[in-house]
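K.L.:
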């Protein structure tokens with residue numbers, strides 16, 4: 014019988030096999046597999062004692078969709094030089110190709126129900142991405158809700174479908190913390206972040222300037238708000254984890270990492286300040 | 003998202019895919035409540051691919067109207083395209099026949115491979131007719147074939163008939179794309195909604211170009227085309243192609259596919275839809291835009 018790590022390796026190999034396309038591999042960077050999202054998919058399915066074959070049939074198409082979304086997130090608005098055009102063209106097509114594969118795998122398995130669930134998840138994710146990107150937000154809570162949906166909708170769909178009690182809050186809060194940390198780090202480093210753009214618009218609605226033009230105090234205030242939500246989500250994550258009947262060591266240590274990650278961030282901000 | 007969807011709907015289009023779905027369904031138990039989901043799904047798949055294509059081609063106009071990527075931006079276009087694609091699959095899941103999903107999913111993957119191949123083959127003047135035909139099969143014909151076949155499957159049409167409808171759609175699709183590739187040379191900017199000769203300028207080697215390159219003198223001119231070619235030189239090359247027999251030969255090629263489509267149609271049961279399918283096929287052969 015395979016342990017969690019072996020199961021992870023097994024499905025990762027399957028995913029890598031599916032995403033390999035000689036021309037894409039030669040011309041654009043290899044797609045990144047979100048290890049945390051993969052880890053939690055495998056973990057909750059393992060918790061449900063799903064067979065390795067069934068695990069593969071859920072995880073591979075779900076991760077292909079996640080890879081497709083992440084690939085399309087790389088498509089930017091700026092373009093300089095013709096080589097970049099080809100790169101952008103193939104990035105768009107790579108994302109479409111990976112999402113086509115999700116459909117093909119599930120169609121070949123006659124799994125129409127999961128095709129529907131994941132399609133609904135993708136709709137939610139893109140709808141919420143547009144809300145955040147266009148800053149059509151009516152409050153910080155809405156922004157946080159959008160981020161939760163963007164990060165965890167695919168997992169949530171499968172969790173609900175398979176009645177994986179308790180995992181929804183663990184995974185949603187874990188992925189939210191990770192996302193907020195990432196946006197925070199990017200904002201502190203380069204004063205750019207789509208999430209902080211949204212925060213700025215909500216906190217300083219009359220402020221017409223860009224994130225870079227905010228004063229040091231204003232920037233710190235936004236980071237402070239972000240930190241508040243990270244701390245709150247951590248509390249929720251701990252509570253959710255404690256509600257799980259059995260938490261294996263790997264899940265425990267994965268959660269520990271994200272719970273400790275932010276403290277380093279605070280220290281570095283204080284030092285910069 | 004609503005604004006973007008409305009913008010796309012108002013941008014128009016021939017809607018040939020949903021028309022084929024609805025007509026093919028007339029060969030079986032026509033239930034609009036079932037068939038409409040397939041018709042809408044097929045049009046949405048096509049729409050999503052156009053939204054993505056406009057990012058790929060960096061196109062500001064489609065059918066003379068601003069594209070999603072130009073009205074908003076690339077990032078917005080990616081999210082909208084992905085949303086529309088997901089919506090189409092969600093609608094399709096109302097059809098619980100696994101064969102329908104296997105056909106459609108295979109079509110979508112092949113369509114994307116066709117687009118990747120198109121980029122791979124850009125400015126590759128050594129390519130042959132087979133490369134071109136395989137590319138347009140993937141890029142256009144398979145989705146039209148799937149439209150016909152899925153409409154029929156959703157209406158419970160027997161396998162022999164839905165396979166024939168797929169073949170009809172495939173031949174019509176091939177003819178349609180060849181006509182499209184000819185129109186790219188012969189159409190006016192107003193008719194096309196973009197400058198003529200755009201395909202070759204972008205490095206896409208279409209059937210008129212392949213036929214024109216059979217003439218050694220013309221070939222030596224055509225192979226000079228590159229991304230940064232001057233507009234005068236490009237106009238000259240387009241004129242050379244237009245004045246050669248390449249356009250006529252391409253149209254003959256398109257007609258041969260159309261004839262095959264009509265032959266398959268003859269084998270289908272007689273009904274009103276069959277007559278309409280014939281009319282559409284003939285229109286496709288004669289269209290100007």
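Chains as they are written, first to last, in our numbering: chain H, 14 to 286; chain U, 3 to 291. Glycine included, every Cβ here is placed at the ideal spot set by N, Cα and C. As the structure is a computational prediction, the values presented were derived from the model and not from experiment.
In or out: residue 286 of chain U buried (at least 16 other Cβ within 10 Å) or exposed?
P.N.:
Sequence index remark: in the second chain, residue 286 of chain U carries index 284 (1-based). By the neighbour-count rule (16 or more Cβ atoms within 10 Å), residue 286 of chain U is buried.
K.L.:
Could you pull out every residue in the same chain whose Cβ sits closer than 7 Å to the Cβ of residue 115 of chain U, ignoring the five residues on either side in sequence?
P.N.:
Walking along the second chain from the start, residue 115 of chain U turns up at place 113. So the qualifying residues of the chain are 140.
K.L.:
Does the beta carbon of residue 114 of chain U sit closer than 9 Å to a beta carbon anywhere in chain H?
P.N.:
In the second chain, the residue the question calls residue 114 of chain U occupies position 112. Yes, residue 114 of chain U counts as interfacial toward chain H.
K.L.:
Comparing alpha-carbon positions, which option in H:273, H:267, H:220, H:197 lies nearest residue 240 of chain H?
P.N.:
Locating residue 240 of chain H in the first chain gives position 227, where the first residue counts as 1. Selected option, being the one with the closest Cα: H:197.
K.L.:
Going along chain U in order, which residues have a C-beta closer than 7 Å to the C-beta of residue 85 of chain H?
P.N.:
Taking the first residue of the first chain as position 1, residue 85 of chain H is located at position 72. The contacting residues are 80, 84.
K.L.:
Can you pull the chain H neighbours of residue 91 of chain U, defined as C-beta to C-beta under 7 Å?
P.N.:
To locate residue 91 of chain U, count along the second chain from 1; it is residue 89. Under the 7 Å cutoff, chain H gives 116, 128, 132.
K.L.:
Between the segment 154 to 167 of chain U and the segment 19 to 32 of chain U, are three or more C-beta pairs nearer than 8 Å?
P.N.:
Result yes; three or more Cβ-Cβ pairs closer than 8 Å.
K.L.:
Between residue 3 of chain U and chain H, is there a C-beta pair that is closer than 9 Å?
P.N.:
Taking the second chain and counting its residues from 1, the one referred to as residue 3 of chain U is at position 1. Output row for residue 3 of chain U: interface = yes.
K.L.:
Do the CB positions of residue 96 of chain U and residue 60 of chain U come within less than 9 Å of each other?
P.N.:
For the purposes of this step, residue 96 of chain U is taken as the residue at position 94 of the second chain. For the purposes of this step, residue 60 of chain U is taken as the residue at position 58 of the second chain. It is not a contact, given that the beta carbons lie outside the stated cut-off.
K.L.:
Is residue 156 of chain H close to chain U, meaning its C-beta is less than 9 Å from at least one C-beta of that chain?
P.N.:
For the purposes of this step, residue 156 of chain H is taken as residue 143 along the first chain, with counting starting at 1. No, no contact with chain U.
K.L.:
Tell me, please, whether the CB atom of residue 89 of chain H is closer than 9 Å to any CB atom in chain U?
P.N.:
Along the first chain, read from residue 1 onward, the residue named residue 89 of chain H stands at position 76. With 9 Å as the cut-off, residue 89 of chain H counts as an interface residue toward chain U.
K.L.:
Using DSSP with H/G/I as helix, E/B as strand and the rest coil, what is residue 35 of chain H?
P.N.:
The count along the first chain starts at 1 and reaches residue 35 of chain H at position 22. The answer is helix: DSSP assigns residue 35 of chain H an H, G or I state.
K.L.:
Any beta carbon from chain H within less than 9 Å of residue 77 of chain U's own beta carbon?
P.N.:
Here residue 77 of chain U is taken as the residue at index 75 of the second chain, counted from 1. Yes, residue 77 of chain U counts as interfacial toward chain H.
K.L.:
What residue range is occupied by the uninterrupted alpha helix (DSSP H) comprising residue 81 of chain U?
P.N.:
Reading the second chain from its first residue, position 79 is the one you call residue 81 of chain U. First-last of the alpha helix (DSSP H) with residue 81 of chain U: 76 to 94.
K.L.:
Report the option in H:109, H:61, H:264, H:129 whose CA atom is closest to the CA atom of residue 183 of chain H.
P.N.:
Numbered from its first residue, the first chain carries residue 183 of chain H at position 170. Looking at the Cα atoms, H:264 is the closest of the given residues.
K.L.:
Compare the C-beta of residue 95 of chain H against all C-beta atoms of chain U and say whether one is closer than 9 Å.
P.N.:
Position 82 of the first chain, counted from the first residue, corresponds to residue 95 of chain H. With a pLDDT of only 47 at residue 95 of chain H, under the threshold of 50, the placement of this residue in the model should not be trusted; the figure read from the coordinates follows. Residue 95 of chain H counts as touching chain U.
K.L.:
According to DSSP, is residue 210 of chain U part of a helix, a strand, or is it coil?
P.N.:
Counting from 1 along the second chain, the entry for residue 210 of chain U is found at position 208. Of the three classes helix, strand and coil, the one that applies to residue 210 of chain U here is helix, per DSSP.
K.L.:
Put residue 19 of chain U into one of helix, strand or coil per three-state DSSP.
P.N.:
Counting from one through the second chain, the residue named residue 19 of chain U turns up at place 17. Looking at residue 19 of chain U - three-state DSSP - the assignment turns out to be helix.
K.L.:
May I have the straight-line CA-CA distance separating residue 159 of chain U from residue 271 of chain U, to the nearest angstrom?
P.N.:
For the purposes of this step, residue 159 of chain U is taken as residue 157 along the second chain, with counting starting at 1. For the purposes of this step, residue 271 of chain U is taken as residue 269 along the second chain, with counting starting at 1. Those two C-alpha atoms are separated by around 11 Å.
K.L.:
Just the chain H side, please: which residues come within less than 9 Å of residue 57 of chain U by C-beta, in chain order?
P.N.:
Taking the second chain and counting its residues from 1, one reaches residue 57 of chain U at position 55. Those are 88, 101, 102, 105, listed as they occur along chain H.
K.L.:
Name the chain H residues that come within less than 7 Å of residue 108 of chain U, Cβ to Cβ?
P.N.:
Start at 1 with the first residue of the second chain, and residue 108 of chain U comes out as number 106. In chain order: 117.
K.L.:
Listing by chain order, which chain A residues have their CB less than 9 Å from the CB of residue 111 of chain U?
P.N.:
No chain A appears in the structure shown, which is made up of the protein chains H and U.
K.L.:
Can you give the Cα-Cα distance for residue 179 of chain H and residue 185 of chain H, rounded to whole angstroms?
P.N.:
The residue labelled residue 179 of chain H in the question sits at position 166 within the first chain. The residue labelled residue 185 of chain H in the question sits at position 172 within the first chain. Computed Cα separation, rounded: 11 Å.
K.L.:
Are the C-beta of residue 277 of chain U and some C-beta of chain H separated by less than 9 Å?
P.N.:
As a working note, residue 277 of chain U is residue 275 in the second chain. It does not; no Cβ of chain H falls within 9 Å.
K.L.:
Use the C-beta contact count for residue 162 of chain H: other C-beta atoms within 10 angstroms, 16 or more gives buried, fewer gives exposed.
P.N.:
If you number the first chain from 1, residue 162 of chain H lands on position 149. The residue in question, residue 162 of chain H, is buried, as its Cβ has 16 or more Cβ neighbours within 10 Å.
K.L.:
Which residues mark the beginning and the end of the alpha helix (DSSP H) in which residue 57 of chain H is found?
P.N.:
Taking the first residue of the first chain as 1, we reach residue 57 of chain H at position 44. Taken as a continuous stretch (DSSP letters only), the alpha helix (DSSP H) holding residue 57 of chain H covers 48 to 60.
K.L.:
Smallest Cα separation from residue 81 of chain H: which of H:68, H:258, H:130, H:107?
P.N.:
Position 68 of the first chain holds residue 81 of chain H. Nearest C-alpha to residue 81 of chain H: H:107.
K.L.:
Spell out the partners DSSP gives residue 63 of chain U in its beta bridges.
P.N.:
Translated into the one-based positions of the second chain, residue 63 of chain U becomes position 61. Answer by DSSP bridge pairing, in chain order: U:68.
K.L.:
Would you list, in chain order, the members of the segment 21 to 36 of chain H that have their beta-carbon closer than 9 Å to a beta-carbon of chain U?
P.N.:
Those would be 34, 36, in chain order.
K.L.:
Looking only at its chain, what residues have a beta carbon closer than 8 Å to the beta carbon of residue 243 of chain H, apart from the 5 residues adjacent to it on each side?
P.N.:
In the first chain, counting from the first residue as 1, residue 243 of chain H sits at position 230. Cβ neighbours of residue 243 of chain H beyond the five flanking positions: 190, 193, 194, 197, 275.
K.L.:
Leaving out five residues before and five after residue 134 of chain H in sequence, what residues of the same chain have Cβ atoms less than 8 Å from its Cβ?
P.N.:
Against the first chain, residue 134 of chain H aligns to sequence position 121. Excluding residues within five positions, the ones whose Cβ falls inside 8 Å are 78, 166, 167, 169, 170.
K.L.:
From what residue to what residue does the alpha helix (DSSP H) around residue 203 of chain H run?
P.N.:
Taking the first chain and counting its residues from 1, one reaches residue 203 of chain H at position 190. That run of the alpha helix (DSSP H) goes 180 to 203.
K.L.:
So within the segment 92 to 152 of chain H, which uninterrupted alpha helix (DSSP H) runs reach at least 4 residues, ignoring any that extend past its ends?
P.N.:
The segment 92 to 152 of chain H contains these whole alpha helix (DSSP H) runs: 95 to 121, 125 to 146.
K.L.:
Output, in sequence order along the chain, the residues in the segment 138 to 149 of chain H whose CB is closer than 9 Å to any CB in chain U.
P.N.:
Going along the segment 138 to 149 of chain H in chain order, one finds 138, 139, 140, 142, 143, 144, 146, 147 with a Cβ nearer than 9 Å to chain U.
K.L.:
Ignore the nearest five residues each way along the sequence and tell me which others in residue 127 of chain U's own chain have a CB closer than 6 Å to its CB.
P.N.:
Mapped onto the second chain, residue 127 of chain U falls at position 125. The residues are 225.
K.L.:
Taking residue 283 of chain U as part of the alpha helix (DSSP H), name the residues at either end of that continuous run.
P.N.:
Your numbering for residue 283 of chain U matches position 281 in the second chain. From DSSP, the alpha helix (DSSP H) with residue 283 of chain U extends over 274 to 288.
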